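Engineer: Starting off with a structure, shown below.
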Amino acid sequence: MFKIRLPFIHYPLELAEAVQAAIMFVVGMATIPLLQTYLGMSFEVALTVTILFMATLLLPALLGAPLAPGFITPAVPLVVVYLSAYEPGTEAIKAMVALHIVVAIIFLVLGVTKVASKLISSIPVSVKGGILLGAGIAALMGEIGEGGRFLATPLSIGVGALVIAFTLFSASFRLLCNRSKLGVMIANYGLVPGLLLAIGVGWAVGEYPLPQIEWGITSLAINELWQLLPFTIGWPTLEMFLTAIPVAIISYVIAYGDIVVGDSVIARADKARPDEVIEVDNDRLHVITGIRNALHALFIPQPGQGGPIFTALTASIATRYEFGRRAMESVYSGVGTFYLIAFFALFAMPLVTLFQPVLPIALSLTLLVTGYLCMVVGMQQVSNTEQYAVAGVTGVVLATQGAAWGIVAGIVLHILVERTSLLRRNNPPPDDAEPPEHQNAREAHT
Numbered sequence: 001m002f003k004i005r006l007p008f009i010h011y012p013l014e015l016a017e018a019v020q021a022a023i024m025f026v027v028g029m030a031t032i033p034l035l036q037t038y039l040g041m042s043f044e045v046a047l048t049v050t051i052l053f054m055a056t057l058l059l060p061a062l063l064g065a066p067l068a069p070g071f072i073t074p075a076v077p078l079v080v081v082y083l084s085a086y087e088p089g090t091e092a093i094k095a096m097v098a099l100h101i102v103v104a105i106i107f108l109v110l111g112v113t114k115v116a117s118k119l120i121s122s123i124p125v126s127v128k129g130g131i132l133l134g135a136g137i138a139a140l141m142g143e144i145g146e147g148g149r150f151l152a153t154p155l156s157i158g159v160g161a162l163v164i165a166f167t168l169f170s171a172s173f174r175l176l177c178n179r180s181k182l183g184v185m186i187a188n189y190g191l192v193p194g195l196l197l198a199i200g201v202g203w204a205v206g207e208y209p210l211p212q213i214e215w216g217i218t219s220l221a222i223n224e225l226w227q228l229l230p231f232t233i234g235w236p237t238l239e240m241f242l243t244a245i246p247v248a249i250i251s252y253v254i255a256y257g258d259i260v261v262g263d264s265v266i267a268r269a270d271k272a273r274p275d276e277v278i279e280v281d282n283d284r285l286h287v288i289t290g291i292r293n294a295l296h297a298l299f300i301p302q303p304g305q306g307g308p309i310f311t312a313l314t315a316s317i318a319t320r321y322e323f324g325r326r327a328m329e330s331v332y333s334g335v336g337t338f339y340l341i342a343f344f345a346l347f348a349m350p351l352v353t354l355f356q357p358v359l360p361i362a363l364s365l366t367l368l369v370t371g372y373l374c375m376v377v378g379m380q381q382v383s384n385t386e387q388y389a390v391a392g393v394t395g396v397v398l399a400t401q402g403a404a405w406g407i408v409a410g411i412v413l414h415i416l417v418e419r420t421s422l423l424r425r426n427n428p429p430p431d432d433a434e435p436p437e438h439q440n441a442r443e444a445h446t
């Protein structure tokens with residue numbers, strides 16, 4: 001099932017990805033504030049969790065998956081709501097372990113049985129759209145609502161968000177890239193330009209303190225972390241597992257949607273490079289992701305969870321890959337280089353302490369971009385008035401009342417509003433479809 005690919009043996013290191021990783025590793029540190037706030041960890045333990053998490057990101061390229069892995073980022077706001085019901089510390093960690101176990105089981109079972117696509121296709125598009133809308137609403141509410149990071153530091157986060165919106169999503173910037181090599185270079189670095197500008201503004205206007213640089217190598221707080229693992233504090237209760245199931249299902253649905261997006265990105269890159277055949281095996285990817293989440297459950301409690309794809313990075317690597325072998329030897333060299341350098345960057349205390357004061361910026365920008373993308377993709381799922389209504393209500397309920405109520409609301413509304421029969425699926429046609437009576441009249445006239 002797996003195809004081992006080792007750096008320096010099966011692929012060389014890539015300079016562009018190495019430079020990007022030396023800055024973008026801060027995104028991996030972005031969940032440290034969540035580990036401190038919701039799981040009650042110290043900074044040292046949270047940093048150790050982050051380093052171990054980064055080590056798991058080396059697995060996909062090592063085992064033959066071409067997608068750049070990451071968090072299940074759109075699910076982070078929902079996980080935060082889920083963890084908010086528990087006291088920070090051992091109870092919240094047990095709840096996080098329960099979620100990791102359920103997610104791991106879902107990925108492993110669907111990967112081994114190869115029924116993932118059939119299962120996802122059985123979910124109504126309006127409910128899938130509502131899940132994505134809810135994740136997007138929750139992400140934006142958490143950042144710009146009362147108590148959010150945007151209101152606390154509006155200049156740095158606002159400037160960073162606007163720059164990222166322009167460089168990632170603007171039609172005018174895409175036209176600029178067609179005419180300017182500088183535009184292409186900026187686009188290749190994804191979130192980095194906006195992130196660096198936001199950090200610079202934050203330091204310049206005093207929204208964030210200047211860093212106190214420490215020299216040396218990061219030491220792992222393994223003993224302290226061991227005291228917070230299930231082997232020491234005990235395993236989750238049955239109630240925790242039951243509560244985790246809706247969040248796990250939503251996390252999987254979101255992750256599967258990311259896989260579909262990643263497949264299309266890789267397929268386009270593969271078509272542009274006949275010199276290398278990129279093997280995309282989603283069953284393999286499911287098993288790898290399941291293994292990563294099982295490792296999280298045992299050793300690395302992480303609100304970001306183990307996601308199959310970091311979409312922005314995968315797109316960035318694929319874009320450079322399309323420029324030919326002179327730009328990038330192999331798609332695996334791009335993915336492998338990035339995470340190898342990012343992993344070692346976490347051991348460089350000067351880099352870690354440089355970005356430590358501005359970790360909230362990295363987290364906030366990541367969630368804002370995620371919220372934007374979730375809402376765009378969520379709206380793309382639906383095509384008629386009834387589906388818009390079901391998706392909208394599902395999203396609002398999910399964002400405000402939690403995963404379980406969101407799923408229930410979506411399914412009930414789908415049955416009541418969309419179906420013409422309770423026993424079979426028969427959705428209304430798109431709003432721009434021609435009514436049957438008009439079609440019959442036109443055919444009779446001709």
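So for the sequence shown, UniProt numbering puts the first residue at 1; every next one is plus one.
Quick reminder that beta carbons are idealized off the backbone N, C-alpha and C, glycines included.
Note that this is a predicted model, so its numbers are computed, not measured.
Using 8 angstroms as the threshold, is the C-beta distance between A116 and Y256 below it?
Structural biologist: Translated into the one-based positions of the sequence shown, residue 116 becomes position 116. Translated into the one-based positions of the sequence shown, residue 256 becomes position 256. Closer than 8 angstroms, so yes.
Engineer: Buried or exposed: where does F169 fall if 16 or more other Cβ atoms within 10 Å of its Cβ makes it buried?
Structural biologist: Counted from its first residue, the sequence shown places residue 169 at position 169. It counts as exposed.
Engineer: Exposed or buried, T237, counting other C-beta atoms within 10 Å across all chains shown (16 or more means buried)?
Structural biologist: Indexing the sequence shown from 1 puts residue 237 at position 237. T237 is exposed by the Cβ-count criterion.
Engineer: Mind pulling the alpha helix (DSSP H) runs of 4 or more residues that sit fully within the stretch 40 to 81?
Structural biologist: For the stretch 40 to 81, whole alpha helix (DSSP H) runs of length 4 or above, ordered along the chain, are 43 to 56, 59 to 63.
Engineer: Taking the alpha-carbon positions, what's the M375 to H286 distance?
Structural biologist: The residue you call residue 375 lines up with position 375 of the sequence shown. The residue you call residue 286 lines up with position 286 of the sequence shown. Those two C-alpha atoms are separated by around 25 angstroms.
Engineer: Name the two residues that bound the continuous alpha helix (DSSP H) containing M141.
Structural biologist: Taking the sequence shown and counting its residues from 1, the one referred to as residue 141 is at position 141. Segment 125 to 144, the alpha helix (DSSP H) holding M141.
Engineer: What's the gap between the Cα of T31 and the Cα of G216?
Structural biologist: Taking the sequence shown and counting its residues from 1, one reaches residue 31 at position 31. Taking the sequence shown and counting its residues from 1, one reaches residue 216 at position 216. When rounded, the distance between both Cα atoms is 23 angstroms.
Engineer: Just to confirm, is the Cβ distance from residue 449 to P77 under 8 angstroms?
Structural biologist: Residue 449 cannot be examined here, being either before or after the span of the chain that is shown, 1 to 446.
Engineer: Using beta-carbon positions only, say whether L229 and T56 come within less than 8 angstroms of one another.
Structural biologist: Residue mapping note: residue 229 aligns to position 229 of the sequence shown, counting from 1. Residue mapping note: residue 56 aligns to position 56 of the sequence shown, counting from 1. Not closer than 8 angstroms, so no.
Engineer: If we call anything under 8 angstroms between Cβ atoms a contact, is E40 one with F2?
Structural biologist: Walking along the sequence shown from the start, residue 40 turns up at place 40. Walking along the sequence shown from the start, residue 2 turns up at place 2. Residue identity check: residue 40 is Gly in the sequence provided, not Glu. Not closer than 8 angstroms, so no.
Engineer: Given 8 angstroms as the limit, is there contact between the stretch 121 to 129 and the stretch 352 to 361, that is, 3 or more CB pairs closer than that?
Structural biologist: No: fewer than three Cβ pairs fall under 8 angstroms.
Engineer: Count the other C-beta atoms from every protein chain shown that fall within 10 angstroms of the C-beta of V112, then say buried if there are 16 or more, exposed otherwise.
Structural biologist: Start at 1 with the first residue of the sequence shown, and residue 112 comes out as number 112. V112 should be labelled exposed.
Engineer: Ordered along the chain, which non-local residues of its own chain (more than five positions away) have a Cβ less than 6 angstroms from that of H10?
Structural biologist: Position 10 of the sequence shown, counted from the start, is the residue given in the question as residue 10. Cβ neighbours of H10 beyond the five flanking positions: none.
Engineer: Compute the Euclidean distance between the alpha carbons of A297 and H100, then round it to the nearest angstrom.
Structural biologist: The residue given as residue 297 occupies position 297 in the sequence shown. The residue given as residue 100 occupies position 100 in the sequence shown. Going by the C-alpha atoms only, they are around 5 angstroms apart.
Engineer: Spatial neighbours of T446 within its chain, please: CB distance less than 6 angstroms, with the 5 preceding and 5 following residues excluded, ordered by chain position.
Structural biologist: Reading the sequence shown from its first residue, position 446 is the one you call residue 446. Note that T446 has pLDDT 41, beneath the 50 cutoff, so the model's placement of it is unreliable and the number below is only indicative. So no residue of the chain qualifies.
Engineer: Roughly how far, in whole angstroms, is the beta-carbon of G307 from the beta-carbon of I72, given that I think they are within contact range, below 8 angstroms?
Structural biologist: Start at 1 with the first residue of the sequence shown, and residue 307 comes out as number 307. Start at 1 with the first residue of the sequence shown, and residue 72 comes out as number 72. Yes, G307 and I72 are in contact; Cβ-Cβ is about 4 angstroms, under 8 angstroms.
Engineer: Along the chain, where does the alpha helix (DSSP H) containing D263 start, and where does it finish?
Structural biologist: By 1-based counting over the sequence shown, the position of residue 263 is 263. Segment 238 to 272, the alpha helix (DSSP H) holding D263.
Engineer: What first and last residue would you give for the alpha helix (DSSP H) that runs through H296?
Structural biologist: For the purposes of this step, residue 296 is taken as residue 296 along the sequence shown, with counting starting at 1. Its alpha helix (DSSP H) spans residues 282 to 299.
Engineer: Roughly how many angstroms lie between the CA atoms of G145 and A152, to the nearest whole one?
Structural biologist: Working through the sequence shown from its first residue, we reach residue 145 at position 145. Working through the sequence shown from its first residue, we reach residue 152 at position 152. The straight-line gap from Cα to Cα measures roughly 10 angstroms.
Engineer: Less than 7 angstroms between C-beta atoms, sequence neighbours within five positions excluded: which residues of the same chain meet that for V192?
Structural biologist: Indexing the sequence shown from 1 puts residue 192 at position 192. Hits under 7 angstroms: Q20, I23, M24.
Engineer: Between the beta-carbon of L365 and the beta-carbon of G194, is there less than 8 angstroms?
Structural biologist: As a position in the sequence shown, residue 365 is number 365, starting the count at 1. As a position in the sequence shown, residue 194 is number 194, starting the count at 1. In this structure, G194 lies closer than 8 angstroms to L365 by Cβ.
Engineer: Could you tell me if M240 is buried or exposed, where buried requires 16 or more neighbouring beta carbons within 10 angstroms of its beta carbon?
Structural biologist: Here residue 240 corresponds to residue number 240 of the sequence shown, with the count starting at 1. Looking at its Cβ environment, which holds 16 or more other Cβ atoms inside 10 Å, M240 is buried.
Engineer: A95 to A327, Cα distance in whole Å?
Structural biologist: By 1-based counting over the sequence shown, the position of residue 95 is 95. By 1-based counting over the sequence shown, the position of residue 327 is 327. If you take the alpha carbons of A95 and A327, they lie about 45 angstroms apart.
Engineer: My understanding is that G402 touches V79, with C-beta atoms under 8 angstroms, so please give their C-beta distance in whole angstroms.
Structural biologist: Reading the sequence shown from its first residue, position 402 is the one you call residue 402. Reading the sequence shown from its first residue, position 79 is the one you call residue 79. About 11 angstroms; that fails the 8 angstroms criterion.
Engineer: Can you pull the DSSP bridge partners for A348?
Structural biologist: The count along the sequence shown starts at 1 and reaches residue 348 at position 348. In DSSP, A348 forms a bridge with I217.
Engineer: What residue range does the alpha helix (DSSP H) around T366 cover?
Structural biologist: Along the sequence shown, one-based indexing puts residue 366 at 366. Residues 359 to 380.
Engineer: Relative to the C-alpha of L133, which candidate in I4, V253, F173, V352 has its C-alpha closest?
Structural biologist: Along the sequence shown, read from residue 1 onward, the residue named residue 133 stands at position 133. Nearest C-alpha to L133: V253.
Engineer: So, are the CB atoms of I233 and I415 less than 8 angstroms apart?
Structural biologist: Taking the sequence shown and counting its residues from 1, the one referred to as residue 233 is at position 233. Taking the sequence shown and counting its residues from 1, the one referred to as residue 415 is at position 415. Result no, Cβ atoms of I233 and I415 do not sit closer than 8 angstroms.
Engineer: Starting from V390, trace the alpha helix (DSSP H) both ways and give me its first and last residue.
Structural biologist: As a working mapping, residue 390 is identified with position 390 in the sequence shown. It spans 385 to 401 - the alpha helix (DSSP H) in which V390 sits, taken as one unbroken run.
Engineer: By DSSP, does Y11 sit in helix, in strand, or in coil?
Structural biologist: By 1-based counting over the sequence shown, the position of residue 11 is 11. Y11 falls in the strand class under three-state DSSP.
Engineer: Ends of the alpha helix (DSSP H) at E91?
Structural biologist: Position 91 of the sequence shown, counting from 1, holds the residue named residue 91. Looking at the DSSP string, the run of the alpha helix (DSSP H) that includes E91 is 90 to 113.
Engineer: Which first and last residues belong to the alpha helix (DSSP H) in which W203 is found?
Structural biologist: In the sequence shown, the residue the question calls residue 203 occupies position 203. From DSSP, the alpha helix (DSSP H) with W203 extends over 192 to 205.
Engineer: Would you call the stretch 377 to 391 and the stretch 47 to 62 touching, i.e. three or more CB-CB distances under 8 angstroms?
Structural biologist: Contact fails: fewer than three Cβ-Cβ distances are below 8 angstroms.
Engineer: Mind the definition here: the stretch 260 to 275 touches the stretch 35 to 52 only if three or more C-beta pairs lie below 8 angstroms; say whether that holds.
Structural biologist: Contact between the stretch 260 to 275 and the stretch 35 to 52 is absent, because fewer than three Cβ pairs lie under 8 angstroms.
Engineer: Quick check: residue 451 and F53, are their CB atoms within less than 8 angstroms of each other?
Structural biologist: Absent from the model: residue 451. The displayed extent of the chain is 1 to 446, so no value can be given.
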